[in-house]
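Chemist:
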Amino acid sequence: MLKPLGDRIIIEQVESEETTKGGIVLPGSAQEKPQEGKVVAVGSGAVKDNGERRPLEVNEGDKVIYSKYSGTEVKFDGTEYLIIRESDILAVVN
Amino acid sequence: MLKPLGDRIIIEQVESEETTKGGIVLPGSAQEKPQEGKVVAVGSGAVKDNGERRPLEVNEGDKVIYSKYSGTEVKFDGTEYLIIRESDILAVVN
Amino acid sequence: MLKPLGDRIIIEQVESEETTKGGIVLPGSAQEKPQEGKVVAVGSGAVKDNGERRPLEVNEGDKVIYSKYSGTEVKFDGTEYLIIRESDILAVVN
Amino acid sequence: MLKPLGDRIIIEQVESEETTKGGIVLPGSAQEKPQEGKVVAVGSGAVKDNGERRPLEVNEGDKVIYSKYSGTEVKFDGTEYLIIRESDILAVVN
Amino acid sequence: MLKPLGDRIIIEQVESEETTKGGIVLPGSAQEKPQEGKVVAVGSGAVKDNGERRPLEVNEGDKVIYSKYSGTEVKFDGTEYLIIRESDILAVVN
Amino acid sequence: MLKPLGDRIIIEQVESEETTKGGIVLPGSAQEKPQEGKVVAVGSGAVKDNGERRPLEVNEGDKVIYSKYSGTEVKFDGTEYLIIRESDILAVVN
Amino acid sequence: MLKPLGDRIIIEQVESEETTKGGIVLPGSAQEKPQEGKVVAVGSGAVKDNGERRPLEVNEGDKVIYSKYSGTEVKFDGTEYLIIRESDILAVVN
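One line per chain: the protein sequences are A, B, C, D, E, F and G, in this order.
-17 is the number of the first residue of the first sequence in our numbering; add one for each residue after it.
-17 is the number of the first residue of the second sequence in our numbering; add one for each residue after it.
-17 is the number of the first residue of the third sequence in our numbering; add one for each residue after it.
-17 is the number of the first residue of the fourth sequence in our numbering; add one for each residue after it.
-17 is the number of the first residue of the fifth sequence in our numbering; add one for each residue after it.
-17 is the number of the first residue of the sixth sequence in our numbering; add one for each residue after it.
-17 is the number of the first residue of the seventh sequence in our numbering; add one for each residue after it.
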C-alpha cells in the first residue's frame, strides 16, 4: 500500500456524477467544482517549528470535500488515487 | 453535515438583492461588492507556531460580511454553501 | 453595527474636495492620492505568533490618512464605509 | 500634526536641485536617484514577533537619504510630506 | 558515492514502462505522471529554527513515488540518479 | 558623512578596468560581472526576531566583491558611493 | 584570498568534459546539467533565528556537485571561481 509523507493524504475519488444520499451533487462537467472522496491513508503530520509533528485533522475512512484540481493522481493496483496536502481539504462530511 | 477544516468557515449566502432591516444594500449586479451571509459551521481554528489551535473569532449563527469572490461554493442537501477562510471575513454584523 | 475582524478597521470617508481647517487638501480628481477618514470601529487586533492579539494603534474617533484604493467599501444603514487593514493606515491626524 | 503608524516616518522633502554645503548633488531631472529629506515625525516602531515594538533608528530632525519613488505623498497645512517606511531609508546624513 | 546535502535524497529511477507486481502502472509517454524510484542515499536532514536537523522520513532502500519533473539528474559510475528534496516525495510504497 | 541604516553598507567603488596586484580582473565592458569596492561605512546590523541587532560581517576598510547591479548609487562631497545590503556582498578580499 | 560571507561557498570549477575515475560524466555541451567542482573556501555559516551561525555542511577540499547556472563567477589571481550559496550544492562526492 501507499504511505503518504508529512501532511499529505491519499484519497480515493468518488464518481462526481453520482448523488450520494442526502449528499452533494457535483455534475462531472462543471469546472472548478469541489470534489468528494474517501481518505484511504494519512501522513504522519506537518512538521512544527520545534521539529515535532502535528497530527492531521482527517482520519482514514473520512469522507472529505477537496478542490478538484489539487494534488497528484497515481494508479496503484488498478485503482486511481489522489495524493493531496491536508490544506487542500475543504471539509469533512459527517 | 459539513465540518470545515482549520481556519475555514461554512457560510449560507444571503440573497444580495434584498435589503435587510437597517442593513446592507448590495445590488446583485454590482461586481466586487462585499456579500452578506450566515455562518453555519466553523473549523477548529488556525494552527499556531507551537502546534496549538487558535479558536476562530466568528461563531455559528453570526451574520458576516465577506468578499464576494472568496472561497469555494459547494451544494449539500440542496442548499448552496460557501467554504471560506476566516481571513476573508471582513466584519460581523451586530 | 459592524464589528471588523482581526486587524481590520472601519472608516467613514471624508469628502476629498473639502479642506479641513489647518488640514489636508485632497482634490477629488487626483488619483493615487491619500484619503482622509474617521475611524468608526476597530477589530480586536492582529494575532501574534503566540496566539495572543496585539491591540491596534488607532482608536474609534481617530482621524486617519489611508491609501485611497485600499480596503473594501460597504454600505450600511445608508452610509458608505471602508473596511481596511491597520497596515494600510498611513498616519493619524492630531 | 501627522503621527505616522508603526515603522512609518514622515519626511519633508529637500529640493533636489540645490547643493547642500559639503553635501549631496541630486539633479532634479535624474531618474531613479536617491533623494534627501528631513524627518519631521516617526512612528512608534515596528512590531516584533513577541508583540513589543522596536524603536526606529531615525529620529525627528535627522537628515536622511531615501529612494525617490518610495512612500506616499501627502499635503498638510500647505506643506508636502512623504510618508515612508523605515526600511526605505538608505542612510542618515551626519 | 554521492552524499546529498540537507533535506535532499538521491533516487535511482525505475523504468516507467514496467509494471511492478501489484504495483503502479506508469506509461512512459504520459506527461505530468508521478514516477517510482528507489532511495539510494539520504541527506542529514532539514535544518530546524533552532539550528538542529530533523531526520528525514524516508530511508535508504525505500521505494518512493515522486513528481516526475522534480529534482536534478546526475550520472555517476554509469548510472543515472535523481537528486530531489524530501518535500517532492509524495509517498512511500510498502 | 553618511551612516547607513540596518544591514546596509556604503561602498566606494573601485575602477573595474584596473587590475589590483594579485587581484581581480574585471573588464569594465563585461555585463553581470561582480565588482570590487572598499567599505567606508556599515549599518548597526540586521534586526533579529527578538529585536536585538546582529552585527555585520564586514567592517570599515574591508575590500569586498559585490554584484555590480545591487544597491543604490549616491554622490556625496563629490565622491560616488553605493549603498548596498550585506546580503549582496559576495566575499571579502583578504 | 577570497573569504565568502554567510552561507556562501567558493568553488573551483572542474572541466566538465573530463571523466573522473569512477566518477561523473558531464558533457560540456549539455545544458541544465549539474556540474562538479572543488570547495576552496566556505563562509562562517547561515544565521539562525537566535542570531547564532549554523556551520556549513561542506568543508574546504570537498568535491561537490552543484547546479551549473547557480552563483556568480569571479576571476582572482588568474583562476576562475564560483561563489555559490550552500543551498545550491546538491551533493558531496565521496
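Note that beta-carbon positions come from the ideal geometry of N, C-alpha and C, so glycine has one too.
What residues from chain E crowd round R67(A), counting only those whose CB sits closer than 9 Å?
Modeler: Ordered by position in chain E, no residue passes the 9 Å Cβ test against R67(A), which lies about 10 Å from the chain.
Chemist: Using C-beta distances below 8 Å, list every residue in its chain close to Q17(G), excluding the 5 sequence neighbours before and after it, in chain order.
Modeler: Correct list, in chain order: Q(-5), V(-4), S(-2), L8, I47, Y48, S49, K50.
Chemist: Would R(-10)(G) count as contacting chain E if we go by Cβ distances under 8 Å?
Modeler: Chain E contact via Cβ: absent.
Chemist: Taking 7 Å as the limit between beta carbons, can you name the residues of its chain near G33(E), skipping five residues before and five after?
Modeler: If we look at G33(E) and ignore the five residues flanking it on each side, it has no Cβ neighbours.
Chemist: Please name the residue or residues paired with P(-14)(A) in a DSSP beta bridge.
Modeler: Partner(s): A73(E).
Chemist: Cα separation between I71(D) and G53(D)?
Modeler: Distance between the alpha carbons of I71(D) and G53(D) is about 10 Å.
Chemist: Note down, in chain order, each residue of its chain lying with its Cβ closer than 7 Å to the Cβ of L(-13)(D), except the 5 sequence neighbours on either side.
Modeler: Here the set comprises G25.
Chemist: Please name the residue, chosen from D44(E), D(-11)(E), M(-17)(E), L64(E), that lies closest to V21(E) on a Cα-to-Cα basis.
Modeler: Ranking the options by Cα distance to V21(E), first place goes to D44(E).
Chemist: In the segment 25 to 38 of chain A, which residues sit with their C-beta less than 8 Å from some C-beta in chain E, listed in chain order?
Modeler: Listed in sequence order: S26, V29, D31, N32, G33.
Chemist: Between which two residues does the beta strand (DSSP E) harbouring S49(F) extend?
Modeler: Where S49(F) is concerned, the enclosing beta strand (DSSP E) stretches over 45 to 49.
Chemist: Look up G19(F) in the DSSP assignment and give the residues it is bridged to.
Modeler: Paired residue(s): Q(-5)(F), V46(F).
Chemist: Can you tell me whether E55(F) is helix, strand or coil according to DSSP?
Modeler: E55(F) falls in the strand class under three-state DSSP.
Chemist: What residues of chain C sit near N76(B), judged by a beta carbon separation below 8 Å?
Modeler: The answer, in chain order, is M(-17), L(-16), K(-15).
Chemist: Which residue from V40(B), K30(B), R36(B) puts its Cα closest to that of I(-8)(B)?
Modeler: The shortest C-alpha separation from I(-8)(B) is found at V40(B).
Chemist: Under three-state DSSP, which class holds E68(D)?
Modeler: Looking at E68(D) - three-state DSSP - the assignment turns out to be helix.
Chemist: Does D59(D) pass the burial test, meaning 16 or more other C-beta atoms within 10 Å, or should it be called exposed?
Modeler: Result: exposed.
Chemist: Helix or strand or just coil, what does DSSP make of V24(F)?
Modeler: Note: V24(F) maps to strand in three-state DSSP.
Chemist: Among all the DSSP beta bridges, which residues are the ones paired with E39(G)?
Modeler: Per DSSP, none; premise fails for E39(G).
Chemist: Determine the DSSP secondary structure at E62(G), reduced to helix, strand or coil.
Modeler: Three-state DSSP puts E62(G) in a strand.
Chemist: Give a yes or no on whether the C-beta atoms belonging to K(-15)(E) and A73(G) are separated by under 8 Å.
Modeler: Contact: yes.
Chemist: When the Cα atoms are used, what is the spatial distance from K30(F) to E62(B)?
Modeler: Cα to Cα, K30(F) sits roughly 47 Å from E62(B).
Chemist: Compute the distance between the beta-carbons of A23(D) and D(-11)(D), then report whether it is under 8 Å.
Modeler: No, the pair does not count as a contact, with Cβ atoms beyond the cut-off.
Chemist: What residues in its chain sit with their C-beta under 7 Å from that of P37(A), if we drop five residues either side in the sequence?
Modeler: For P37(A), where only same-chain residues beyond five positions count, the Cβ hits under 7 Å are G27.
Chemist: In whole angstroms, what is the alpha-carbon distance linking S69(C) and L64(B)?
Modeler: Approximately 28 Å between the Cα atoms of the pair.
Chemist: E42(E) to I66(C), Cα distance in whole Å?
Modeler: If you take the alpha carbons of E42(E) and I66(C), they lie about 52 Å apart.
Chemist: For G19(E), which residues of its own chain have a beta-carbon under 7 Å away from its beta-carbon, when the five flanking residues on both sides are left out?
Modeler: The residues are I(-7), E(-6), Q(-5), V(-4), V46, Y48, L64.
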